[in-house]
Every structure is written in structure tokens, then in C-alpha cells.
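**Student:** One structure is given below, represented as C-alpha cells, and several questions about it will come after.
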Amino acid sequence: MSSLTSPCLDVDETTPAVVEWEHDGATHCFSKPDPKIDSIMLRIHLSGLCATVELRFPMNLKGVEGISPVAISIDPSSITSFDFAFASTASEAVQEKFKCPVACLKFQTNKNIRLFVPTAAKEPLAPSRTQSGKVLDVLRMLSAATSFGIYVDATKFSKAELQSISDAAKQTRLAPFHNQYPPANIEAKVVDLSPQDDAPPAYDETGSPPPAPPINERKRRRISSPDEARDELAQIWAELKARSEKDRLVQQELSTLRQENRSLKTDFDQLRQQVTTFRKDFSSLQRDVEQLQCQDKHSADLLESYDTRLVELREDLEDLDAKVDSIQEHRDENGVAQSFLDRVRSDVKQTILNIHPDVAYSARPKSCQHPPIACVALAEEEFVDNTSVTAVVPMSTMMASSSPSMVPPPTAKPLGAMAWLDFAEWIYATLL
1 MSSLTSPCLD
11 VDETTPAVVE
21 WEHDGATHCF
31 SKPDPKIDSI
41 MLRIHLSGLC
51 ATVELRFPMN
61 LKGVEGISPV
71 AISIDPSSIT
81 SFDFAFASTA
91 SEAVQEKFKC
101 PVACLKFQTN
111 KNIRLFVPTA
121 AKEPLAPSRT
131 QSGKVLDVLR
141 MLSAATSFGI
151 YVDATKFSKA
161 ELQSISDAAK
171 QTRLAPFHNQ
181 YPPANIEAKV
191 VDLSPQDDAP
201 PAYDETGSPP
211 PAPPINERKR
221 RRISSPDEAR
231 DELAQIWAEL
241 KARSEKDRLV
251 QQELSTLRQE
261 NRSLKTDFDQ
271 LRQQVTTFRK
281 DFSSLQRDVE
291 QLQCQDKHSA
301 DLLESYDTRL
311 VELREDLEDL
321 DAKVDSIQEH
331 RDENGVAQSF
341 LDRVRSDVKQ
351 TILNIHPDVA
361 YSARPKSCQH
371 PPIACVALAE
381 EEFVDNTSVT
391 AVVPMSTMMA
401 SSSPSMVPPP
411 TAKPLGAMAW
421 LDFAEWIYAT
431 LL
């Protein structure tokens, strides 16, 4: 075992605590002083071989204004055994006080505990509040106990410190400080709370006092005459009437609010239907937009194909323009075509005359109004249904035209090569 021969061990810690003890074969646990929001405080002061161990219980005593710091002091030299244990589970009162792991400090003494109270406290001690009476009952039981346990936060004391205190207590080497009094109670006195046979019952054992009469918040003045009584009665009736009118107004407002609530519900239902309709319309519009997008794409493709065709046509026109330019550049400048045309004309005339002398008459168009003289219908322009004749020449003139020196009459217009060829084909078809 270690000993406290070294003066380096110095502990001075004050921490909330929960007290547990045995009384009449039952285990008691106390954690709520007066006021309940405060805590029972354990102080352990150790310096060398001198020690102080005390428990402070806030409470209200008659004769003392405010909260009285009542304390019980444990004489270090009376401690015969000091054990400790770190517990993960504890009673409900301990768990309610501490939300963390706790350490249980178990004391055994050979002397009764001393109680220190303020010097202004009246004796015998009398609590001024019900909860203070419960605290006083606890102090009375603890003063007669020689074995009790104190639960504290497990992080407040190290295992080495507690083991040193335990070793020193077993060797009865701890001693109190000189003239030991609770530091917070300089003006204090020691009170003996040993249980007496004629002591009053504990507060827990007594019944609750009878209920107090109801307190009238409004104090009436004393009525001294009948007139004052009538005035008082009239005032009461006026108050009742005003309250009744107020209730009526409240009911009227409540009815109005209910009607508004129903109207709001109707409007809400209508809005819900409108939202449903809007959603349907929106879906339909979405489909229409998709169709228009498809049509727009198709139109774009069609326009693109038109553009391609226009480009091709433009290229074809350019080719045709080039061919026309080429033809114009290489046109007959020496009169070869005109000579060929004159030769064809002469050959056709001669051939017709050689085949039948009256061909001009038989080949005369139906629409011709000239007298039945020998004539030849010569197409000056393109035939219309192979019957159009734009010029009439007498046979004598046509016969004389075989002469190279023949000049066409002024009324006759020169024919193109294609007109002569068409006319020749028409003559052959007529003769056959």
C-alpha cells in the first residue's frame, strides 16, 4: 500500500454530489436541496496529512434571511474506511442528476457527523419551506449514520488521488485542520441533530395541510349604507351586462370567421380545379409546341432542298448562258446558212411543180378567200395546226421565181428553213 508521507499530495475539489445511506433497513437517496435547482456540494481538501471533508446543503431556516448554507463536517480522524468504485449504472436519482459516469465514495466513521448552521438560526431548527423540512429530515438521519455513500462525477477525482485517501484512512493518519470550521460559514455554530423520542414526525410522514381559502384578487370596500349596497349591486349588474355583450360580440366574430373560413375553403377548391385545368392546358400546349417544332423542322428540310434545287437551276442557267454565248460567237458570218436556205427553198418549189402542176390549188387552205387561181400558200411563220398561211403568191409569180434573178413580191415575207421543211412535209402528205 502507498502512504501519504509525501507532502506533494494536494487536493482541493468542490463538486455536486448525491448522498445515499441506510436507515431502518431501507436505502435512501437525496439530491435536491432547497431550492431544488441548487445542488448538494461535496468539498474535499487534502494538504499533506490534513484533510477536510464536508457536505453543504442549501436550505431555508427561520431566523435567517435568504438561503442558509448548512454544512455537515466529517472528522478525518473518525474515518475508519474509505472505499471508492467507478459505476456505469446507478439509482434513478443519481442518473437524473448526472448524465455521465459516476464514482461512489463510501465512508465509514466511528463518530457522529457535526452540523454547522448560521448563528442567526433559531433553535430548535425550524424550516421556513416544505422542501427545507425534507432537507432537515435528511440531515437528522445522516447525523445518526456511520456509513454512507456519496456519488460524484467520475472525472473530478483521479484514481490515484482516491487510492491515496483510502490508504491514509486505513492507516488512520488523516487529521483535521486546526480549528476546523466550514470556510463558507465563519459565523456558524454546531447543532446536535441526534434523533429524539419526542421529536416531531418527519415532513414525509405528515399529511398535507388543509387547502387555504381562495384569494379574492379584488377587495371590496365595506358597505355602510343601503345606497352604497344598491350602487354596488348596480355596478355588478353593469359588469355582467358588459361581459354578456362582450361574449355576444365574440360569438358574432366567431360566426363571421367561420363563414369566412367556409368561403376560403370554396375559393381554395375552385383554385384547385383551375390549377388542374391549367395543367391540362399546359400539357396540350406542350404537345402543340412539339408538333410545331416537328413541322418547323420539316419546313426547314424542305427549304433546304429548294435551296439546293435553285442552286442547280442557277448552274443550269449559267451553262445555257455559256452555250448561247458560244453560239453567238460562232454564228454564220459568211452566209453559208442563208445559201443553204435558198437552195432548200428552190428545191422544194421545183419538186412541188414537177410533181403536180395544180398543187397550189389543191393545197390551198380552207380559210383562203382568194379566187381559185393557181397559188401557193407559203408559211412565213410557224404553222398552227398545219393550216396557217400567212402569204399568198400567184402561180405565175411562183413559176417565175425559179429564175435566179427573181425577187419576192413586196407582200411576201421570207420564210425560215424550218417553215419550208414543214411545208414540204405537208405537201407530200396531201399528195399521198
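For the sequence shown, full-length UniProt numbering assigns the number 1 to the initial residue and increments by one for each residue that follows.
Beta carbons are placed, not taken as given, at the ideal position from N, Cα and C, and that holds for glycine.
For residue 25, which residues does DSSP report across the bridge?
**Tutor:** In the sequence shown, counting from the first residue as 1, residue 25 sits at position 25. Paired residue(s): none; residue 25 is not in a bridge.
**Student:** According to DSSP, what are the bridge partners of residue 118?
**Tutor:** Here residue 118 refers to the residue found at position 118 when the sequence shown is read from its first residue. BP columns for residue 118 point to 188.
**Student:** Kindly list the residues whose CB is nearer than 6 angstroms to the CB of residue 30, restricted to its own chain and excluding five residues on each side of it in sequence; keep chain order.
**Tutor:** What you label residue 30 is simply residue 30 of the sequence shown in a count that begins at 1. Closer than 6 angstroms at the Cβ level, and outside the excluded window around residue 30, lie 19, 138.
**Student:** Are there 16 or more other CB atoms within 10 angstroms of the CB of residue 24, so buried, or fewer, so exposed?
**Tutor:** Position 24 of the sequence shown, counted from the first residue, corresponds to residue 24. Exposed: under 16 other Cβ atoms inside 10 Å.
**Student:** Should residue 114 and residue 72 be called a contact, given that it needs their Cβ atoms to be closer than 9 angstroms?
**Tutor:** The residue labelled residue 114 in the question sits at position 114 within the sequence shown. The residue labelled residue 72 in the question sits at position 72 within the sequence shown. Against a cut-off of 9 angstroms, the Cβ pair of residue 72 and residue 114 comes out as a contact.
**Student:** If you count every other CB in all the chains shown that lies within 10 Å of the CB of residue 21, and 16 or more means buried, which is it?
**Tutor:** Looking up residue 21 in the sequence shown gives position 21. Burial call: buried.
**Student:** For the alpha helix (DSSP H) holding residue 140, just list the boundary residues, first then last.
**Tutor:** The sequence position of residue 140 within the sequence shown is 140, counting from 1. From DSSP, the alpha helix (DSSP H) with residue 140 extends over 130-143.
**Student:** What's the C-alpha gap between residue 286 and residue 272?
**Tutor:** Translated into positions along the sequence shown, residue 286 becomes position 286. Translated into positions along the sequence shown, residue 272 becomes position 272. Spanning the two alpha carbons is a distance of roughly 21 angstroms.
**Student:** Would you kindly work out how many angstroms separate the C-alpha atoms of residue 317 and residue 327, rounded to a whole number?
**Tutor:** What you label residue 317 is simply residue 317 of the sequence shown in a count that begins at 1. What you label residue 327 is simply residue 327 of the sequence shown in a count that begins at 1. In a straight line, the C-alpha of residue 317 is about 15 angstroms away from that of residue 327.
**Student:** Kindly indicate the opening and closing residues of the beta strand (DSSP E) around residue 153.
**Tutor:** Against the sequence shown, residue 153 aligns to sequence position 153. Start and end: 147-153.
**Student:** When the Cα of residue 122 is compared with those of 314, 191, 293, 342, which residue comes out closest?
**Tutor:** Numbered from 1 along the sequence shown, position 122 holds the residue referred to as residue 122. Out of 314, 191, 293, 342, 191 has the C-alpha closest to the C-alpha of residue 122.
**Student:** What residue ranges within the segment 240-304 form continuous alpha helix (DSSP H) runs of no fewer than 4 residues, ordered along the chain?
**Tutor:** The qualifying runs do not exist here; there are none.
**Student:** Can you round the beta-carbon distance between residue 174 and residue 47 to whole angstroms, since I take them to be within the 8 angstroms contact cut?
**Tutor:** Residue 174 sits at position 174 when you count from the first residue of the sequence shown. Residue 47 sits at position 47 when you count from the first residue of the sequence shown. So it is not a contact: roughly 11 angstroms between Cβ atoms.
**Student:** Using CA atoms only, rank isn't needed, just tell me which of 250, 132, 349 is closest to residue 36.
**Tutor:** Reading the sequence shown from its first residue, position 36 is the one you call residue 36. Checking every option, the nearest Cα to that of residue 36 belongs to 132.
**Student:** Express the C-alpha separation of residue 41 and residue 14 in angstroms, rounding to a whole number.
**Tutor:** Counted from its first residue, the sequence shown places residue 14 at position 14. Counted from its first residue, the sequence shown places residue 41 at position 41. Straight-line Cα distance between these residues: approximately 7 angstroms.
**Student:** Hey, how far is the Cα of residue 433 from the Cα of residue 284?
**Tutor:** The displayed coordinates of the chain run from 1 to 432. Any statement about residue 433 would go beyond what the structure contains.
**Student:** Inspect the beta-carbon positions of residue 86 and residue 100 and report whether they are closer than 9 angstroms.
**Tutor:** For this step, residue 86 is matched to residue 86 along the sequence shown. For this step, residue 100 is matched to residue 100 along the sequence shown. No; because the gap between Cβ atoms is not below 9 angstroms, this pair is not in contact.
**Student:** Near residue 63, what residues of its chain come up, given a Cβ to Cβ distance below 7 angstroms and the 5 sequence neighbours on each side ignored?
**Tutor:** Working through the sequence shown from its first residue, we reach residue 63 at position 63. Excluding residues within five positions, the ones whose Cβ falls inside 7 angstroms are 120, 121, 122.
**Student:** Using DSSP with H/G/I as helix, E/B as strand and the rest coil, what is residue 344?
**Tutor:** Within the sequence shown, residue 344 is the residue found at index 344, counting from 1. It is helical.
**Student:** How would you call residue 82, buried or exposed, if buried means at least 16 neighbouring beta carbons within 10 angstroms?
**Tutor:** Translated into positions along the sequence shown, residue 82 becomes position 82. Looking at its Cβ environment, which holds 16 or more other Cβ atoms inside 10 Å, residue 82 is buried.
**Student:** Counting C-beta neighbours from all protein chains within 10 Å, is the total for residue 376 16 or more, i.e. buried, or is it exposed?
**Tutor:** The residue you call residue 376 lines up with position 376 of the sequence shown. Residue placement at residue 376 cannot be trusted, given a pLDDT of 44 that sits under 50; the coordinates are not used to answer.
**Student:** With H, G and I counted as helix, E and B as strand and the rest as coil, what does DSSP make of residue 102?
**Tutor:** If you number the sequence shown from 1, residue 102 lands on position 102. Reduced to three states, the DSSP call for residue 102 is strand.
**Student:** When you compare each of 90, 313, 54, 177 to residue 151 by their alpha carbons, which one comes out closest?
**Tutor:** Locating residue 151 in the sequence shown gives position 151, counting from the first residue. Considering only alpha carbons, the answer is 90.
**Student:** Taking the DSSP output, what are the residues bridged to residue 20?
**Tutor:** Counting from one through the sequence shown, the residue named residue 20 turns up at place 20. Paired residues: 29, 149.
**Student:** Are the CB atoms of residue 146 and residue 106 within a distance shorter than 9 angstroms?
**Tutor:** Looking up residue 106 in the sequence shown gives position 106. Looking up residue 146 in the sequence shown gives position 146. The answer is no: Cβ separation not under 9 angstroms.
**Student:** Give every residue of the same chain whose Cβ lies closer than 7 angstroms to the Cβ of residue 148, excluding the five residues on either side of it in the sequence, and list them in chain order.
**Tutor:** Locating residue 148 in the sequence shown gives position 148, where the first residue counts as 1. Once the five neighbours on either side are set aside, the close Cβ partners of residue 148 are 19, 20, 21, 107, 142.
**Student:** Comparing C-alpha positions only, which one of 250, 165, 266 sits nearest to residue 51?
**Tutor:** Taking the sequence shown and counting its residues from 1, the one referred to as residue 51 is at position 51. Minimum Cα distance to residue 51 is reached at 165.
**Student:** Per DSSP, what kind of secondary structure is residue 236 in: helix, strand or coil?
**Tutor:** Here residue 236 refers to the residue found at position 236 when the sequence shown is read from its first residue. Looking at residue 236 - three-state DSSP - the assignment turns out to be helix.
**Student:** Cα separation between residue 161 and residue 56?
**Tutor:** One-based indexing of the sequence shown puts residue 161 at position 161. One-based indexing of the sequence shown puts residue 56 at position 56. Answer to the nearest angstrom: the Cα atoms are 22 angstroms apart.
**Student:** What separation, rounded to the nearest whole angstrom, lies between the Cα atoms of residue 280 and residue 319?
**Tutor:** In the sequence shown, counting from the first residue as 1, residue 280 sits at position 280. In the sequence shown, counting from the first residue as 1, residue 319 sits at position 319. Their backbone Cα atoms lie some 58 angstroms apart in a straight line.
**Student:** Rounded to whole angstroms, how far is the Cβ of residue 49 from the Cβ of residue 117, which I believe are closer than 8 angstroms?
**Tutor:** As a first step, residue 49 is located in the sequence shown; it is residue number 49 there, counting from the start. As a first step, residue 117 is located in the sequence shown; it is residue number 117 there, counting from the start. Their Cβ separation, rounded to whole angstroms, is 29 angstroms, which puts residue 49 and residue 117 out of contact at 8 angstroms.
**Student:** What does the Cβ neighbour count give for residue 248, buried or exposed, with the cut at 16 atoms within 10 Å?
**Tutor:** Counted from its first residue, the sequence shown places residue 248 at position 248. When all chains shown are included, residue 248 counts as exposed.
**Student:** To which residues of the same chain is residue 93 closer than 7 angstroms at the C-beta, ignoring the five residues directly before and after it?
**Tutor:** Counting from one through the sequence shown, the residue named residue 93 turns up at place 93. So the qualifying residues of the chain are 18, 29, 31.
**Student:** Contact check, residue 130 vs residue 74 under 8 angstroms by CB: the rounded distance?
**Tutor:** Taking the first residue of the sequence shown as 1, we reach residue 130 at position 130. Taking the first residue of the sequence shown as 1, we reach residue 74 at position 74. Not quite, the Cβ-Cβ distance comes to about 28 angstroms (not below 8 angstroms), so this is no contact.
**Student:** Have a look at 154, 158, 39, 153 and flag the residue whose alpha-carbon is nearest the alpha-carbon of residue 11.
**Tutor:** Position 11 of the sequence shown, counted from the first residue, corresponds to residue 11. It is 158 whose Cα lies nearest to the Cα of residue 11.
**Student:** Just to confirm the assignment: which complete beta strand (DSSP E) runs, minimum length 3, are found wholly within the segment 42-76?
**Tutor:** Correct list: 50-59, 68-74.
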